[in-house]
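Everything below concerns the one structure shown next.
In our numbering, the protein residues as written are -7 to 530.
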């Protein structure tokens, strides 16, 4: 981790997060989702238009545009005329280039002469990205993509690493343009809000195209093919749609020389952090600088409000996860303290209330519960080179040998979220710095949603399998693309039921939290996995 990524804590009641990593926790500038059931499209008043429009226009990051233009200008002078022409060709017709990279197929209208140009264009872009200077500042870019992903499916990916595109990825620093010209062209589109950290690489297209008007207006930043991202959040946001999709409306208003009616609509926004460079530089298992003080502060909150505490020497360390690992509490030693960590995909993830609350919930449960695995079993597993993760014995090949109570474990993880949210200082609207979306909730967590989500995931996996069998993608690409769908399926099966029962617990009816967290799995299921929880003795 960069030495600048430090976590500070000054109060046991409200750990300070303003100066974490020497910058504030990012907040969404766009208008957020409103509570309650609202139709996807609603007409909007002039005042609402002014408010939403003003907020959107403020998000055109002119500072990033100026900094990137100055930074890349000198470098572009070293680019050959042939490479410059290939970049311009890519900008004019990126579709056949990316079609070849994504599926090995080309559009029917591509001429033989065009086909000869594709490989040199790919070679040029790969070479320029490899040799270009890294970006000097962190900035935000946007990309609208067609997707059937739901809010629940997107949130299931938070903390995971994904490679959503095998081709080159065009992004725009101009958010209003990304929203108005791309997102709102199609009802099926969602928006990627991409944080590009300092040190990442890509091509600043305005500088290479000699600041061509259309490229400069968009502020296009081209990312490498097969770029890797961490999913850091997902939410629905309100946007004004200035486009009417009704042809009669457009014609009628055009005759009267008026604009079509404007309406506001919700769109899914998935927040990503580019990690092409960072994931290669940070060794998995390395500790996050300063995270120990943050965990101590969170532990004091649980101790003061719920009597849940543990000696500081037994608190979990916070470490960097490997590329194929998700955020999780991990413990597989003999006495539950030697190897005792919270894995995070990126440093700031530990500052997310849902993440730290859930993993601390798992930690307290692991410290207090009667073990389902005896010390002899643990010793035997350890001697054989196996590991123990939350009472799962996993051999060297990764096969689970003893499956113990996933759902009950997730019950305590979600309780950890709720307990931390309840006791953490909040704003008048119920939000806080570490819970910007308010109280932890289960979104559409009924059986109908789970069945529908599993069907969509299975459909995607079958499509990927067919593409692989036809030779359309490599085995490595298949694994990278399929992994998020597989993990989302596991998340639904293992997490949702435990989350749902935990979401129905009346926190005010429990005073002895140590007793609950020490309760055997069977008794937890009997008393709380029911429509009428039994709070007696707690």
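Every residue, glycine too, gets a C-beta built ideally from N, C-alpha and C.
On the premise that residue j lies in contact with residue i, defined as a C-beta separation below 8 Å, what is that separation, rounded to the nearest angstrom?
| i | j | result |
| --- | --- | --- |
| residue 361 | residue 332 | The Cβ separation is near 15 Å, so there is no contact. |
| residue 186 | residue 133 | 5 Å |
| residue 126 | residue 193 | 5 Å |
| residue 536 | residue 310 | Residue 536 lies beyond the range of the chain shown here (-7 to 530); nothing can be said about it. |
| residue 85 | residue 300 | About 60 Å; that fails the 8 Å criterion. |
| residue 188 | residue 131 | 6 Å |
| residue 302 | residue 359 | 6 Å |
Give me, in chain order, the residues of the same chain whose beta-carbon lies closer than 7 Å to that of residue i; leave out the 5 immediate sequence neighbours on both sides.
| i | result |
| --- | --- |
| residue 82 | 89, 113, 117 |
| residue 414 | 499 |
| residue 115 | none |
| residue 77 | none |
| residue 43 | Note that residue 43 has pLDDT 49, beneath the 50 cutoff, so the model's placement of it is unreliable and no number is given. |
| residue 218 | 155, 158 |
| residue 521 | 493 |
| residue 501 | 527 |
| residue 298 | 411, 505 |
| residue 512 | 362 |
| residue 317 | 335 |
| residue 137 | 181, 182, 184 |
Answer yes or no: does any C-beta atom of chain B fall closer than 8 Å to that of residue i?
| i | result |
| --- | --- |
| residue 157 | Absent from the structure: chain B. Only one protein chain is present. |
With a threshold of 8 Å on Cβ separation, who are the neighbours of residue i within its own chain once the five nearest residues in sequence on each side are excluded?
| i | result |
| --- | --- |
| residue 226 | 143, 146, 147, 149, 150, 260, 261, 262, 263 |
| residue 66 | none |
| residue 424 | 345, 413, 416, 417, 418 |
| residue 221 | 153, 154, 155, 156, 186, 264, 265, 266, 267 |
| residue 122 | 193 |
For residue i, which residues from the same chain have a beta carbon less than 6 Å from its beta carbon, with the 5 sequence-adjacent residues on both sides left out?
| i | result |
| --- | --- |
| residue 526 | 519 |
| residue 347 | 319, 341 |
| residue 567 | This structure does not reach residue 567, given that the chain is present from -7 up to 530, and the question cannot be answered. |
| residue 224 | 263, 265 |
| residue 60 | 196 |
| residue 399 | 489, 490 |
| residue 427 | 345, 413 |
| residue 200 | 68, 79 |
| residue 139 | 182 |
| residue 494 | 403, 406, 407 |
| residue 308 | 332, 333, 334, 355 |
| residue 409 | 346, 349, 350, 432 |
| residue 293 | 415 |
| residue 211 | 57, 164, 165, 166 |
| residue 135 | 163, 184 |
| residue 269 | 191, 192 |
| residue 430 | 422, 423 |
| residue 64 | 196, 199 |
So who's on the other strand from residue i, going by DSSP bridges?
| i | result |
| --- | --- |
| residue 227 | 261 |
| residue 138 | 181 |
| residue 332 | 323 |
| residue 188 | 131 |
| residue 548 | Because the chain in this structure spans residues -7 to 530, residue 548 falls outside the shown range and cannot be described. |
| residue 213 | 163, 196 |
| residue 535 | For the chain, the structure presents residues -7 to 530; residue 535 sits outside this window and is missing. |
Looking at residue i and the ligand ATP, is the gap between the Cβ and the nearest heavy atom below 7 Å?
| i | result |
| --- | --- |
| residue 525 | The ligand ATP is not among the ligands present in this structure, which contains no ligands whatsoever. |
Tell me the start and end of each unbroken beta strand (DSSP E) in the segment 142 to 166 that is at least 3 residues and wholly inside, in chain order.
Taking only runs of at least 3 residues, the beta strand (DSSP E) segments lying wholly in the segment 142 to 166 are 161 to 164.
Between the segment 171 to 183 and the segment 154 to 161, do at least 3 Cβ pairs fall closer than 8 Å?
no
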